[in-house]
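The next block holds one structure in the form of structure tokens; read it before the comments.
There are 2 protein chains.
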Amino acid sequence: MTDRPADELLDFAPDVQLFMGVSLLYARLSERIAQVDLGVELSKPEKHLIVRLPAPKRMGDLARELMALPSTVTAVADALEAKGLAVRGRDPDDRRAWLLRLTDDGRALRERMLREAGATVREVTGLSEQDIEQFAALVRQATARILENGYPEGLKLCDT
Amino acid sequence: MTDRPADELLDFAPDVQLFMGVSLLYARLSERIAQVDLGVELSKPEKHLIVRLPAPKRMGDLARELMALPSTVTAVADALEAKGLAVRGRDPDDRRAWLLRLTDDGRALRERMLREAGATVREVTGLSEQDIEQFAALVRQATARILENGYPEGLKLCDT
DNA sequence: TCAGGTTGCTTCATTTATCGAAACTTTCAT
DNA sequence: ATGAAAGTTTCGATAAATGAAGCAACCTGA
């Protein structure tokens with residue numbers, strides 16, 4: 001009678017295992033990240049937005065990446081602006097659009113968050129360095145695929 | 001000047017890549033699952049609860065697995081009971097606790113959800129069967145580690 | 001150049017989800 | 001017995017996500 005949660009996965013096909021495992025891993029990672037004290041009070045969606053902002057991005061693109069509605073992203077961006085972590089500016093290429101970009105404070109915070117995220121991954125998964133590299137390689141492949149054909153309304157991937 | 005989202009990952013260490021990739025993958029998977037028509041109206045947390053219920057489980061254990069408060073799980077379980085998908089019964093081993101278990105309808109629904117989840121994984125990631133197996137193996141390892149020492153207040157993993 | 005349609009974003013009211021403190025019941029230790 | 005602790009629930013408050021409506025910039029074709 002092995003009803004230990006860790007054994008539950010073994011009953012499933014690999015693709016289902018992958019799904020359930022990723023769900024749990026994601027939940028655990030974001031819980032851990034949420035506990036990190038960064039000196040500023042940040043909600044979960046605010047952190048997600050910061051992480052997704054290595055370079056200035058349009059609100060609509062952010063909404064697609066975060067799988068959220070534009071109106072949701074608007075609210076989160078407002079909060080980040082109020083905290084002095086991000087600024088909005090018109091997109092010179094299309095003045096309907098707004099570009100959201102991190103301030104210096106925001107960038108510094110982002111750096112710290114990513115360092116924390118990396119450490120959390122190593123700690124939570126308990127995987128060896130080689131395993132993490134292998135894992136990352138698979139995730140890169142999946143990410144490329146998702147970003148390539150994942151956005152319903154045809155995200156503009158090329159900005160040249 | 002390559003600011004394509006798919007390239008963003010390459011700037012980071014593998015552990016950070018893993019974090020960001022898993023976040024995106026999870027978001028994409030749950031978005032996809034949410035779109036599946038199962039004939040019943042189910043909220044996102046309701047679906048999560050069903051997935052985590054291969055066998056009867058105590059409310060508190062569910063709360064820990066879902067990284068939620070007991071009161072949150074109570075509300076979701078109420079909704080599932082109202083829809084005839086789950087039932088509560090006292091835990092014979094400790095009658096303070098409630099065991100939540102799926103009804104026949106709930107179990108059938110769960111089967112369909114898992115099949116959908118597996119198909120979604122294959123479709124969204126675009127990984128080969130071998131890659132998925134490799135990916136699943138890594139996820140199993142991480143899951144075991146998480147469930148082993150991941151629960152703050154000392155989850156009772158052994159029920160014998 | 002200007003009319004009509006589309007796109008990108010915001011506003012705001014509403015619904016949904018989560019939280020946290022207090023209460024209730026059962027269990028455990030003494 | 002009795003008091004302390006554990007497992008849930010209740011309920012009011014906060015936070016987050018939604019969707020419809022609106023505004024401004026763009027684009028097309030005459």
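Chains as they are written, first to last, in my numbering: chain A, 1 to 160; chain B, 1 to 160. Glycine residues also receive a C-beta, built at the ideal position from the N, C-alpha and C atoms. As the structure is a prediction and not an experimental result, all values here were calculated from the model.
Asked, Found
"Same chain only: Cβ atoms within 8 Å of B:Ala117, ignoring 5 sequence neighbours per side", "Leu29, Ile33, Val51"
"Residues bridged to A:Asp94 (per DSSP)", "A:Asp91"
"Buried or exposed by the 16-neighbour rule on C-beta atoms within 10 Å, applied to A:Ser128", "exposed"
"Residue from A:Ala79, A:Ala144, A:Ile132 with nearest C-alpha to B:Thr125", "A:Ala144"
"Coarse secondary structure for B:Lys83, derived from DSSP in three states", "coil"
"Integer Cβ distance of B:Leu147 from B:Leu100, believed to fall under 8 Å", "The Cβ separation is near 19 Å, so there is no contact."
"Local conformation of B:Arg52 per DSSP, three classes", "coil"
"Coarse secondary structure for B:Pro127, derived from DSSP in three states", "At residue 127 of chain B the sequence reads Leu, which differs from the Pro that was named. DSSP places B:Leu127 in coil when its eight states are reduced to three."
"Of the residues A:Pro70, A:Gly60, A:Met20, A:Leu42, the one placed nearest B:Glu65, counting alpha carbons only", "A:Met20"
"A:Pro139 at chain B interface by Cβ criterion, 7 Å", "The question names Pro, yet the displayed sequence has Val at residue 139 of chain A. Yes, contact with chain B."
"Distance between A:Pro92 and A:Arg58 (C-alpha atoms, nearest Å)", "11 Å"
"is_contact[A:Met59, chain B] using C-beta, thresh 7 Å", "no"
"Any chain A beta carbon closer than 7 Å to B:Met113", "no"
"Residues, ordered as in the chain, of the stretch 13–32 of chain B that lie near chain A by beta-carbon distance below 9 Å", "Ala13, Pro14, Asp15, Val16, Gln17, Leu18, Phe19, Met20, Gly21, Val22, Ser23, Leu24, Leu25, Tyr26, Ala27, Arg28, Leu29, Ser30, Glu31"
"Residue of B:Arg90, B:Gly106, B:Thr120, B:Thr72 minimising C-alpha distance to B:Lys83", "B:Gly106"
"Proximity test, Cβ basis, 7 Å: B:Asp94 and chain A", "no"
"Sequence-distant residues of the same chain with beta carbon closer than 6 Å to B:Pro56, five excluded per side", "Leu99, Arg101"
"Other residues of its chain near B:Val22: CB distance less than 8 Å, five sequence neighbours each side excluded", "none"
"DSSP beta-bridge partners of B:Leu99", "B:Arg58, B:Gly89"
"Chain A contact for B:Glu46 (CB, 7 Å cutoff)", "no"
"Rounded C-alpha distance that separates B:Ala97 from B:Gly60", "8 Å"
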